[in-house]
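Undergrad: Numbering of the sequence shown is given in my numbering, commencing with residue 30 and proceeding in unit increments. Let me give you the structure first, and then I'll get to my questions.
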Amino acid sequence: MVTREYDLRDEGVEPLEREFTLSAFGLPEPVGVEWERPVRWYLWLTLAGVVCLVAGGVFYWLSRRRAGGTN
Numbered sequence: 030m031v032t033r034e035y036d037l038r039d040e041g042v043e044p045l046e047r048e049f050t051l052s053a054f055g056l057p058e059p060v061g062v063e064w065e066r067p068v069r070w071y072l073w074l075t076l077a078g079v080v081c082l083v084a085g086g087v088f089y090w091l092s093r094r095r096a097g098g099t100n
């Protein structure tokens, strides 16, 4: 007698579309098929942070220059 036990759970989360592509199963995609790349938010946030730091430095420099360079 063969007995098999399965543990099926519904996580309540829809699977992503990229999980159903050929490349998800190790197969090459057909010629001409290109998937959208996810947005790299961390790059945009890093860029915004750098811009804010540079702007802050410029404003600080301008305020020191306008004050006559006194401490």
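Heads up, the beta-carbon is just placed ideally off N, CA and C, and yes, glycines get one too. Note that this is a predicted model, so its numbers are computed, not measured.
Going straight from the alpha carbon of glycine 86 to that of arginine 93, what length do you get?
TA: So the two alpha carbons sit approximately 11 Å from each other.
Undergrad: Is the CB-CB distance between tryptophan 64 and arginine 38 below 8 Å?
TA: Cβ distance not < 8 Å, so tryptophan 64 and arginine 38 don't count as in contact.
Undergrad: Going by DSSP in three states, leucine 74 sits in which element: helix, strand or coil?
TA: Three-state DSSP puts leucine 74 in a helix.
Undergrad: Glutamate 58 and threonine 50 look like a contact to me (Cβ under 8 Å); what is the Cβ gap, rounded to whole Å?
TA: Contact holds; Cβ gap of about 7 Å.
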